[in-house]
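Quick note: this note's numbering has the sequence shown finishing at residue 530, numbered continuously throughout. In what follows, a structure is listed as C-alpha cells, so that the remarks can point back to it.
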Amino acid sequence: MNWKKKILSTLTAAAVGLSLTFGTPATVQAGTADLIGAGVGIILQGAQLNAQLSAQIKHYEETEQGRQELYQALREKYGVNEDPEYNAKLERIITNLSKGVEAVDPTIKDKPYIYFVSSQKSINASCSMGRVMMVNAGTFEKITNEDELAAIVGHEMGHGQKSHVAKSNKNRLQKAVTASLAGTAIGSSIGGGALTSIIANLALNHSIAHGDKKQETEADLLGLEYMTHTNYNPGACAAVMQKFLEMSIGAEQSKAVALFNPSDHPDSAKRRDACAKKLTEYSGNHVTAKDGVVKVNNKTFITVAPAAGMSGAERSYFVMGNLAAAYHNKQNKHEATVQNGTVLLGNQPIITPAEGDEDAYTIAERLNAIK
Ligand SMILES: [Zn+2]
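In C-alpha cells form, the structure reads like this:
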C-alpha cells in the first residue's frame, strides 16, 4: 500500500485521539477489564500493542525495506532539497565520517547511512531509526564551514550507531499509541492493519527527535571521536557549539538553533565545554582553550582574533583542534615553523594568522618556547 495514503488515512484519527486523551488515563493493558469503555477491540489491541511496536521498530531499525520506507516517508514529509552543492557536501562528509566511524565501530560496514538534504530552513539534522539521516537545507545555508557541518553530522552518526531513536522510541510510542487508540477505538475494534498504520504514523512523527541529555552527550562525544579518525578538525565540535551559543544570543536565530538544541538538552555552553575537555584529553592534557585564549602546557599560547565569519572564541577551537592533533600524533617532537603564511607544528598546520592575529613568526617562536 502506498505509504502516503496509509499515513493520511490514519492521520486524522491519530490526531483526534491524541487531543481527546491528553491528561486522561489512557493506558491499555493486556488482560485488564474494559475500564475505559473502549469495547472488546481495544483490549485485544493492548495485548498486541507491545509486540506490534517492537516489530515496527525492528522493521525500521533493522530491515532494508523498513529503512527505505522511513527514508521515503521522511522525504515526503520534510521535502527534498536538490541543491548540488549541499548534496555534494553531505555526500562527501558522510563518506569521510563513515571511515572515521568504521575505525571505532565496524557495524557501519553492514549498515551504511541512507541520507538526504531536506528542504527545511531551520538549522537541524536528525538520524532516525535504521540510520536514516536528514540534514536540513538551512543547516548548509547558515553553517558554511565543512568541519562544523561534519561535527553536526558526526553527532547524528553517534545517535545512529547507538540506535538511540529505536531505543527511546518504544516508551514514547507506547504512550502515543495507547493515547490515540483510546480516542479512536471507542465502540469499535481496530484491526491489525489499522494499528500498524497508527504505529507507523506515530513512529514517523517520533523518528526525528533528538534524544535525552544522556544520549545527546553520548552522541557529542562519539561524534568527536569519529572526527579524530578523519581529516576534519576535531575542534569543530566545540566550535559549532560556540557558534550556536552566539547565534542564540541573537533573537532572530534563536528559534532555528533551538531545534538542534532544544531546552531539554544540555545547553550549548555545557556541550561546548564537554567537547573541549575531551579534546584536551586527546591532546594528552597539553592543550586547553577558553574564551578565545588557547593555552599549551598551561601557558598562554595565543588569543585568537575573529576571522572568516567566526568570533575569536569559535575560531580558537580550531586552533585547539589542530594543536590537539599535533600532540596526539607526536608532532610536538618537531619544531614549529612557518610555511606560506601558516604556522605548523611538525607537519600539522596550526593557524594561518588573519587580520588581528599576531604574525606567523611570532606565533611559531612562542610555540617553540612553550611546547
Ligand atoms: Zn542529538
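Even for Gly, the Cβ is constructed at its ideal location relative to N, Cα and C.
Under the three-state reduction of DSSP output, residue 510 falls in the strand class. By the beta-carbon neighbour count (other beta carbons within 10 angstroms, threshold 16), residue 209 is exposed.
For residue 300, the closest C-alpha among the options 282, 465, 467 is that of 282. In this structure, the CA atom of residue 466 is about 7 Å from the CA atom of residue 514. Residue 502 has its alpha-carbon roughly 13 Å from the corresponding atom of residue 491. Approximately 7 Å separates the beta-carbon atoms of residue 287 and residue 233; this is inside 8 Å, confirming the contact. Beta-bridge partners assigned by DSSP to residue 459: 454. For residue 273, the enclosing beta strand (DSSP E) covers residues 273 to 277. Annotation for residue 218: 225 place their beta carbon closer than 7 Å to its own, counting only its chain and skipping 5 residues before and after.
According to DSSP, residue pairing for residue 502 in a beta bridge involves 497, 510.
Note on residue 379: 16 or more other CB atoms within 10 angstroms of its CB, so buried under the neighbour-count rule. Residue environment for residue 394: buried (at least 16 other C-beta atoms within 10 angstroms of its C-beta). With a cutoff of 7 Å, residue 378 counts as near ligand 1, since its C-beta is closer than that to a heavy atom of the ligand. Note: residue 449 is bridge-paired with 452 in the DSSP secondary-structure output.
Within the model, the alpha-carbon separation for residue 456 versus residue 447 is close to 8 Å.
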